[in-house]
Each structure stands twice: as structure tokens, then as C-alpha cells.
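full-length UniProt numbering puts the sequence shown at residues 1 to 194.
Ideal placement from N, C-alpha and C gives every residue a C-beta, glycine not left out.
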Amino acid sequence: MFFDDFGGPQVTRTNFKATVSESEPYDFSLFTSQDVNTSVKLSQLVYTPPASVEEFNAYYEGKGQQPPAVEKGNIISVAAKIKGFTSNNKLETFTIAAFALDLARLQKSAEKKSSAKTPTDAILSDVAHHLKILLDIDGSVEFLVEGPGSVVFYGEQLTTLVSNGRPGDDSDSENQGSDMSEGELDEMFRLSRR
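Take a look at the structure:
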């Protein structure tokens with residue numbers, strides 16, 4: 001069973017993936033619970049630039065700003081950030097990766113699309129890997145992106161069931177059994193992993 005009693009807390013490890021853009025941050029407050037302790041170990045970030053010059057221009061126009069000229073080959077920075085409470089109880093934002101977006105790349109992609117259908121070329125700077133960032137998750141943690149395009153955060157999520165009873169308290173609901181059969185519990189936990 002999922003939470004068998006082996007004398008200590010049971011940790012469930014699952015793969016973690018979140019696609020984040022400036023307009024759609026990933027907010028853990030939607031997924032936190034008082035009955036579980038969750039942490040995320042980030043291992044890789046992958047940047048996906050805007051698919052077209054039009055999408056790039058729409059990003060800036062949506063912010064009421066003039067887009068940089070794509071023809072000049074400017075390079076802009078897109079930042080992946082984490083926002084959360086620090087150990088001194090302050091809400092802070094930290095940049096964990098910055099991706100270079102060469103605007104000439106968007107222009108070349110547009111030219112290729114007009115001549116032949118080929119995927120946008122990925123370049124080495126689009127991936128930040130071998131990361132070892134461990135975050136204890138509470139309702140304040142958010143993944144953010146500042147700039148056009150999106151970033152996919154990859155890693156591992158660790159979840160531990162938190163007991164509501166006091167240590168040594170034998171009247172714990174865990175020890176009293178359940179009204180559900182083992183098959184029903186297995187089905188419930190299987191559905192919760194989706």
C-alpha cells in the first residue's frame with residue numbers, strides 16, 4: 001500500500017515538469033496541502049523562444065512597449081526565477097538562469113519557414129542542466145519567467161505524508177484503520193498521481 005507503516009515517514013518520488021511563461025507563472029499555492037510535506041529538486045531548465053517574429057512582437061505590444069528591432073540582431077535576456085520566503089521570513093525573488101535570445105535567430109527562422117518547413121533550430125544556450133536546486137515547497141513558492149517565450153522546469157518532486165497526531169499518541173487515526181478497502185485506497189492514490 002502507499003503509506004504502509006515502516007516506522008518512519010514514507011517519501012514518494014515523482015517526476016516534475018512545469019511549463020512557465022511570463023503570463024502563466026507556476027504557483028505552488030494551488031497544489032499545497034497541510035497533510036503533506038513537499039519539496040522539489042530542480043535538475044534542468046529548457047527555454048523555448050517565441051515561434052515567430054509576430055509572436056515576439058505581440059509579447060512587447062501586450063506590455064505596451066516598442067519591440068526591439070529583429071533585423072538588427074539584438075540579443076535580449078530571458079530570466080527564469082524562483083519566488084518564495086527565505087529563512088529570514090522575507091519574500092524574495094531569485095534568478096536561477098538567464099537565456100540569451102538572439103533576435104537574428106527569429107529572423108532566420110522566419111526566412112526558413114517561408115522557403116521550407118523546418119523546425120526552429122535549438123541552440124546550446126537554450127538548456128541549463130546539471131542543476132541541483134532543492135526547494136521546500138509551501139504556498140509562497142512560484143516559478144516565474146521574465147521575457148518572451150517559455151521555460152520548462154524539470155526535476156523530481158518528493159512528497160511525505162505528515163501525521164496529524166502527536167508522537168507516541170496511539171489514538172492516531174493512522175492506527176485505527178480505514179473505512180475504505182485496500183483496493184479503494186490503491187485506486188484513490190493511483191488517481192492522485194496523474
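Under DSSP, ASN15 forms a beta bridge with GLU156.
By a beta-carbon distance limit of 8 Å, SER43 does not contact LEU134. Their separation comes to about 10 Å. In the displayed model, SER52 falls within coil according to three-state DSSP, outside both helix and strand. Under the three-state reduction of DSSP, LYS90 is assigned to coil, being neither helix nor strand.
Residues of the same chain with a CB within less than 6 Å of the CB of ALA97, apart from the 5 flanking positions on each side, are LEU45, ALA80 and ALA128 in chain order. Excluding its 5 nearest sequence neighbours in each direction, PRO148 has C-beta neighbours in its own chain below 6 Å: PRO50, PHE56 and TYR59, listed in chain order. Sequence-distant Cβ neighbours of GLU92 in its own chain, meaning closer than 6 Å and more than five residues away, are THR86.
Beta-bridge annotation (DSSP): GLY84 is paired with GLU92. The beta carbon of SER39 sits closer than 7 Å to the beta carbons of LEU134, LEU135, ASP136, ILE137 and LEU158 from its chain, once the five residues preceding and following it are set aside; these are given in chain order.
DSSP places PHE143 in the strand class (E or B) of the three-state scheme. LEU30: not part of any beta strand (DSSP E); DSSP gives it neither H nor E. Around the beta carbon of SER150, 16 or more other beta carbons sit within 10 angstroms, so the residue counts as buried. Secondary structure of ALA104 (DSSP, three-state): helix. ASN57 carries a helical assignment under DSSP once its states are collapsed to helix, strand and coil. Of the candidates GLU61, ASN88 and LYS41, the residue whose Cα lies closest to the Cα of ASN15 is LYS41.
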